[in-house]
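FYI, in mature numbering (1 follows the signal peptide of the UniProt record, and there is no 0) the residues of the sequence shown are -26 to -1, 1 to 162.
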Amino acid sequence: MKVSSFSTMIILLTISSIFSMQPIQCHSPTPDMIEDVCKKTSQYQLCLITLKSNLYSHHLKSHEDIPGFVRITLQVIAARAPVVLEQIQDVYLQTDHTQLKAALDNCITAYVKITKELIPQAQQCLDKGDTIGVKEKATLAGTLAGSCEQKCKGTTTSGISPLGDSGEFVQNMCSIAASIASMPQPTH
């Protein structure tokens, strides 16, 4: 088979253009960037563990790092809050303690609000670039989770919540989300 010089030229141009094209890359934030962000939150270790363990399931672009970090924390809260709600409902059904039942009833209301309203609204605010809205919703969700935790602790003589550290985890994650949302946002 005879290859014409024109065909050879086309093949060479095609090959050279493939090698000269810049690859499309997703930028993964550096560990230093994650550490710098987490140092600005009240829960450094939890922030660091959360962002590093969830980072690679998210494809962050360099201009989306801060919003991407907020998104990760909100998704963790969105996954955990329904589990806590279920835990609260289970404890509620198993106890006869009147004071604890009253506290748990309050917690059920709080976690329904966290799960069904506040965190989805915070995610919508993030999608719109409304970081103030994200901070407000995450802060309110954290306050509700903390209030629930305190009410449950107050019903036992040991001062230990029957929910373990589940409510505290949600409260701390909300604090992290609000802190990161408050950080300066990149311009596009």
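C-beta atoms are modelled at their ideal positions from N, C-alpha and C, and glycine is treated no differently.
Everything numeric in this text was worked out from a predicted model, so none of it was measured.
Just mark T47 as buried or exposed, buried being the case when its beta carbon has 16 or more other beta carbons within 10 Å.
As a working note, residue 47 is residue 73 in the sequence shown. Per the 10 Å Cβ criterion, buried.
Could you give the distance in angstroms between the alpha-carbon of S135 and the alpha-carbon of L20?
Residue mapping note: residue 135 aligns to position 161 of the sequence shown, counting from 1. Residue mapping note: residue 20 aligns to position 46 of the sequence shown, counting from 1. Approximately 20 Å, taken between the alpha carbons.
The alpha helix (DSSP H) with M147 in it runs from where to where?
In the sequence shown, the residue the question calls residue 147 occupies position 173. Note, M147: alpha helix (DSSP H), 140 to 155.
For M(-6), collect the residues of the same chain with a Cβ closer than 6 Å to its Cβ; drop the 5 residues on either side in sequence, then sort them by chain order.
Reading the sequence shown from its first residue, position 21 is the one you call residue -6. With a pLDDT of 45 at M(-6), under the threshold of 50, the modelled position of this residue cannot be trusted, and the question is left open.
Can you grab the Cα-Cα spacing for the pair M147 / D70, in whole Å?
Start at 1 with the first residue of the sequence shown, and residue 147 comes out as number 173. Start at 1 with the first residue of the sequence shown, and residue 70 comes out as number 96. For M147 and D70, the distance between alpha carbons rounds to 31 Å.
Leaving out five residues on either side along the sequence, give the residues of the same chain with a beta carbon under 6 Å from the beta carbon of E123.
Here residue 123 is taken as the residue at index 149 of the sequence shown, counted from 1. Cβ neighbours of E123 beyond the five flanking positions: S135, G141, E142.
Can you tell me which of the three DSSP states G107 falls into?
Sequence index remark: in the sequence shown, residue 107 carries index 133 (1-based). It is helical.
From the DSSP output, in three-state form, read off P56 for me.
Position 82 of the sequence shown holds residue 56. If DSSP states are grouped into helix, strand and coil, P56 belongs with the helices.
In the DSSP assignment, find the unbroken alpha helix (DSSP H) run with L74 in it and report its ends.
Position 100 of the sequence shown holds residue 74. Taken as a continuous stretch (DSSP letters only), the alpha helix (DSSP H) holding L74 covers 72 to 87.
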